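Residue numbers (this note's numbering), protein chains in the order written: chain A, 9 to 118; chain B, 72 to 195.
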C-alpha cells in the first residue's frame with residue numbers, strides 16, 4: 009500500500025498563507041472525494057481539520073480550507089498564526105475499502 | 072465528549088504477538104451505521120499508517136500490508152476495542168492509536184476523535 013506524497017516541510021510568516029499538497033493515485037485521491045486532513049501538535053493525538061475534501065468540522069476556523077484536483081488534494085491555511093505550527097497529514101479512502109495516509113508535513117511559522 | 076484510551080505493553084519481543092485494547096468513555100462501541108472503529112499507527116519514518124477498521128461490530132477491513140498478521144475486534148460485551156498483531160518485528164515499533172470512524176452522508180468517512188496513543192517498542 010503506497011503512502012500519499014506530501015512535502016516534508018513548509019513554512020510561512022504570521023498572516024501569510026501556505027498550501028500543503030497531497031498526491032495519490034487514480035485508485036485513491038483521484039477516485040474518491042473522501043479526503044481528510046489532520047493536525048498534530050507534538051505529543052498530542054491527531055485532530056480532524058477537514059473531511060470530504062473541503063468540509064470543516066464545527067470549531068475549526070475557516071482559515072483552514074481543502075480542495076482537490078485530479079490525483080492531488082491540498083490544504084490551505086490562510087492568516088497563519090503561531091499555533092498553526094504542527095504536523096499535517098492527509099488521508100484518502102481507496103479502492104478495496106482501504107485508507108491511506110500521507111507522509112506528513114511539518115509546518116513552521118517563522 | 073467521546074474519549075478513547077489505548078492500553079497494552081510498552082515493550083514486545085521480536086516474533087511475539089502484540090495485544091492492545093482501547094477503552095471508550097462518553098460513548099459506546101455498540102454497532103451503528105454512523106460509526107466504525109479503527110487502529111492507526113505512527114512512525115517517524117512513515118508517518119501515519121492505517122491498520123484496520125471494524126464495522127457493525129464484526130465486519131473488518133485491514134491494510135493489505137498487514138492483513139496476514141492483524142486482527143481487529145470488539146469484545147463479546149462490545150465494551151472494548153482490541154488489536155492483535157502477530158509476528159512483531161522492529162519495523163512495527165510505533166505509536167498505536169485507536170480512533171472512531173465517522174461515516175459521512177456521502178459514504179466512507181474520517182477519523183474523529185483519536186486516543187492519545189501508546190508507544191510500542193519491539194526489542195529483545
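The C-beta atom is built at its ideal place from N, Cα and C for all residues, glycine as well. Since this is a predicted model, take the numbers as computed values, not measurements.
Taking the beta carbon of residue 108/A as reference, the chain B residues within 7 Å of it are 121, listed in sequence order.
When secondary structure is reduced to three states using DSSP, residue 147/B falls in the coil class, being assigned neither helix nor strand. Comparing C-alpha distances from residue 25/A to each of 97/A, 63/A, 52/A, 90/A shows the shortest one belongs to 90/A.
DSSP, read as helix, strand or coil, puts residue 80/B in coil.
Taking 8 Å as the threshold, the shortest C-beta distance from residue 72/B to chain A does not fall below it. Counting every other CB atom within 10 Å of its CB across the protein chains shown gives residue 171/B a total of 16 or more, marking it as buried.
Closest option to residue 109/B, judged by alpha-carbon separation, among 106/A, 82/A, 34/A, 115/A: 106/A.
For residue 73/A, the closest alpha carbon among the candidates 46/A, 104/A, 103/A, 109/A is that of 46/A. DSSP lists 109/B, 132/B as the bridge partner or partners of residue 124/B. With a contact defined as Cβ atoms closer than 8 Å, residue 40/A and residue 175/B miss out at about 11 Å. In this structure the region 147-155 of chain B lies against the region 95-109 of chain B, because at least three pairs of beta carbons, one per stretch, are closer than 8 Å. In this structure, the beta-carbon distance from residue 28/A to residue 118/A does not fall below 8 Å. Judged by DSSP in its simplified three-state form, residue 92/A adopts helix. Measuring C-alpha to C-alpha distances from residue 195/B to each of 133/B, 186/B, 92/B, 85/B identifies 85/B as the nearest. A direct Cα-Cα distance of roughly 23 Å separates residue 138/B from residue 13/A. Ranked by Cα distance from residue 102/A, the first of 179/B, 155/B, 167/B, 169/B is 179/B. Residue 48/A holds the alpha-carbon nearest to the alpha-carbon of residue 93/A among 75/A, 64/A, 48/A, 30/A.
For residue 53/A, a Cβ of chain B is located within less than 8 Å of the residue's own Cβ.
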